[in-house]
Amino acid sequence: MAGHVRGLDVAVAGLSKQFGDVRAVDDLSFTVAPGRVTGFLGPNGAGKTTTLRMLLGLVAPTAGRATIGGRPYAELPHPAAVIGAALEASGFHPGRTGRDHLRVLARQTGVPDARADEALAQVGLTTAGGRRVGGYSLGMRQRLSLAGAMLGDPGVLLLDEPANGLDPEGVAWLRGFLRYLAGEGRTVLVSSHVLAEVAQTVDDVVIIRQGRLVRQAPLAELLDNGGEVVVRTPQAQRLAELLVEAGHAVSTPEPGLLVVTGASAPDVGRAALAGQVELHELRTRTTDLEQVFLDLTGGER
Amino acid sequence: MSRLLRAEATKVLTTRLWWALALGVVAWVALQAGANAALAGRQGAPTLGTDAGLSAVWQAAVNAYVFTVVIGVLISTGEFRHQTATSTFLATPSRSPVVVAKAVVGLGVGLLYGAVGAATAVAVGWPIVRLRGFDPFRDGGAVVEVLLGAVLASGLWAMVAVGVGALVRNQVAAMIGALVWVMLVEALLVTLVPAVGRWLPGGGASALVGAQPARGGDLLGALPGGLLLLAYAAASVAVGAWVVRHRDIL
């Protein structure tokens, strides 16, 4: 299958949408690259879903352009083979079975009925396929939604909050599935309002707030705090002096605790040994994902 | 278009609604045809010996339209109610052809319900008319005309309803609005103010089965009545298709 997969750039440029008095999306521009999983992040109501709907030609932009491989959705010759979407508010008739739901989608997109069963198998719903969707759990609906997006074997996937309602096992499965799809060269855009939920899955992030772009960067860049080491010692003042002498910046958030910037843990350990300072704790501080996210989106903890 | 027709037909056939409503047609038409046949000649109703009295039995078939209107509205509004509109219009970004396909499938279901209604009217009416000592088919041509008219009216009603559903979107509002209109407002206007009523869709449908209001032959003929209903169906689908094309799908 991997041979014919064609990931395309997904781009929005100067995109805006006005709903009455509300500017849901405001002069938004970003590009999503193939072969990577990109997290589309922002608090609830930031304009993520509206942006995705404009990309898919379901909502008409007030201004700007949204394109897939340089073309607006409406101009794609065979959209299902180019881009698949699982939007949060894309539902199912509760009285229809999962398999019939996919057959309907297959018929309206013009792919063979057999794809319905393949897609069911891909998301692990083969046995549940004959049951009515009304009896499905939220996690099963998410999987069915994903199967629908995969029907045309598209090179681009837009998934709106796909981890909602999944149990930890399901989240782990989804992570593997998305990595696999990106590994095949597909463009994968995943929206979420919780950075931690997608942090282990995404390569890049696009963060928006109140319809505006806050940050677009590789995740690694977002998490790089320049190296911070936390040390706990009864001789805090002595160690701080030694570290400052060695050219490191030191702060003391509480008595007996030092936060060293611009040094590695071995640097600090070595300095302590040389100065015969007793250490009770020495560790590298990893970035608090939620804090970074909240700082960027202006939320309160 | 054949792709869309197949998809829309599959949508109708993969839930239990269509045959549940078909059973409704049987029950409702059986009640009306039975009542018309049993009560003819009583309380001032024309007897089965008159043309009006006998055709009222067959005209009961037209009551299938209640269920036809219901399924027509559901075919359109169900997409918005269950939010399947998103995947539907992702598959067909030009959108309008979807409404046309729904109208064609609706026409098929409406014709089917009309045929079920016609069969029910005959199955229930015939033995009662016989029991009461009249010849049910003394004018066979007239019976065929009435039943054929009922089938056509049912099909065209479905198209009207599909267009209305696409326009209104809200399932509850569209359903209540459509049923109040056809069962109450139109029924009253056709009976009490035929000068207005005969130009309404329901007036066209009544004319199509050769029904005439009690106080005089003010309705159109069967052919112009049918064409009038067809015009309403076409207009309704056209407006629904245009609106769906231009509104955001949220």
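Protein chains in written order, with this note's numbering: chain A, 5 to 305; chain B, 16 to 265.
Note that the Cβ used here is the ideal one computed from N, Cα and C, for glycine as well.
Return the Cβ separation of residue i and residue j in integer angstroms, given the expectation that the two are a contact with Cβ distance under 8 Å.
i        : j        : result
Leu283/A : Ala276/A : 5 Å
Thr237/A : Gly260/A : 7 Å
Leu215/B : Val205/B : 7 Å
Val16/A  : Leu80/A  : About 16 Å separates the two Cβ atoms, so there is no contact after all.
Arg147/A : Gly128/A : 7 Å
Ala136/B : Val44/B  : 6 Å
Ala132/A : Gly180/A : So it is not a contact: roughly 20 Å between Cβ atoms.
Which term fits residue i, buried or exposed, when burial requires 16 or more other beta carbons within 10 angstroms of its beta carbon?
i        : result
Asn185/B : exposed
Phe23/A  : exposed
Val114/B : buried
Lys80/B  : Residue 80/B is actually Tyr in this sequence, not Lys. Burial call: buried.
Glu173/A : exposed
Glu201/B : buried
Thr288/A : exposed
Met5/A   : The pLDDT assigned to Met5/A is 44, lower than 50, so where the model puts this residue is not dependable, and the model offers no usable value.
Ala35/B  : exposed
Ala246/B : exposed
Pro98/A  : exposed
Glu301/A : Glu is not the amino acid found at residue 301/A; the sequence shown has Thr there. So Thr301/A ends up on the buried side.
Val29/A  : buried
Glu258/A : exposed
Leaving out the 5 sequence neighbours to the left and right, which residues in its chain are closer than 7 Å to residue i when beta-carbon positions are compared?
i        : result
Ala193/B : Val84, Val88, Ala176 and Val179
Val175/A : Ala167
Pro222/A : Asp207 and Asp208
Ile264/B : Ala100, Thr101 and Phe104
Val254/B : Gly178 and Leu182
Leu19/B  : Thr107, Pro112, Val113 and Ala116
Ala133/B : Ala76, Leu162, Ala165 and Val166
Is there a Cβ of chain B sitting closer than 8 Å to that of residue i, yes or no?
i        : result
Gln112/A : yes
Ala34/A  : According to the sequence displayed, residue 34/A carries Phe and not Ala. So, not an interface residue.
Ala6/A   : Residue confidence is low: Ala6/A scores 45 on pLDDT, short of 50, so the model does not pin down where it sits. Its coordinate-derived value is still stated next. It does not: the Cβ of Ala6/A has no partner Cβ on chain B nearer than 8 Å.
Asp63/A  : Note on residue identity: the sequence assigns Val, not Asp, to residue 63/A. It does: the Cβ of Val63/A has a partner Cβ on chain B nearer than 8 Å.
Asp104/A : yes
Arg219/A : no
Gly49/A  : no
Tyr140/A : no
Pro38/A  : no
Tyr184/A : no
Leu59/A  : no
His344/A : The structure shown has nothing for residue 344/A, since chain A only spans 5 to 305.
Pro83/A  : yes
Is the CB-CB distance between residue i and residue j below 8 Å?
i        : j        : result
Gly215/A : Thr191/A : no
Ala22/B  : Val115/A : no
Val233/A : Ala269/A : yes
Ala116/B : Met16/B  : yes
Phe82/B  : Tyr128/B : yes
Ala125/A : Leu106/A : no
Ile212/A : Lys21/A  : no
Leu19/A  : Pro65/A  : yes
Gly169/A : Gly189/A : no
Leu193/A : Thr42/A  : yes
Ala84/A  : Ala189/B : no
Arg147/B : Leu207/B : no
Gly68/B  : Gly59/B  : no
Val131/B : Ala37/B  : yes
So with Cβ pairs under 8 Å, would you call residue i a contact of chain A?
i        : result
Leu38/B  : no
Thr83/B  : no
Ala106/B : yes
Arg18/B  : yes
Ser102/B : yes
Ala189/B : no
Ile86/B  : no
Lys117/B : no
Gly93/B  : yes
Arg21/B  : yes
Within a Cβ cutoff of 6 Å, which residues of the same chain sit near residue i, ignoring the five residues on either side of it in sequence?
i        : result
Gly121/B : Gly87, Ile90, Ala173, Met174 and Val177
Asn51/B  : Ala71, Val72 and Ala75
Asp154/B : none
Ala48/B  : Val72, Ala75, Ala136, Val139 and Gly140
Arg31/B  : none
Leu150/A : Ala90 and Val127
Got a sec? Which residues, its chain only, sit under 8 Å from residue i by beta carbon, not counting five neighbours each side?
i        : result
Ala24/B  : Val120 and Gly123
Ala153/A : Gly88, Ala89, Ala90, Leu161, Leu162 and Leu163
Glu201/A : Ala167 and Val175
Leu247/A : Val254, Leu262, Val264, Ala267, Val272 and Ala275
Ala244/A : Val254, Thr256 and Leu262
Ala237/B : Glu160, Gly164, Ala222, Leu223, Val224 and Gly225
How about residue i: is its Cβ closer than 7 Å to a heavy atom in the ligand FAD?
i        : result
Val139/B : Inclusion of the ligand FAD in the displayed structure is not the case, the ligand content being empty and no account of it being possible.
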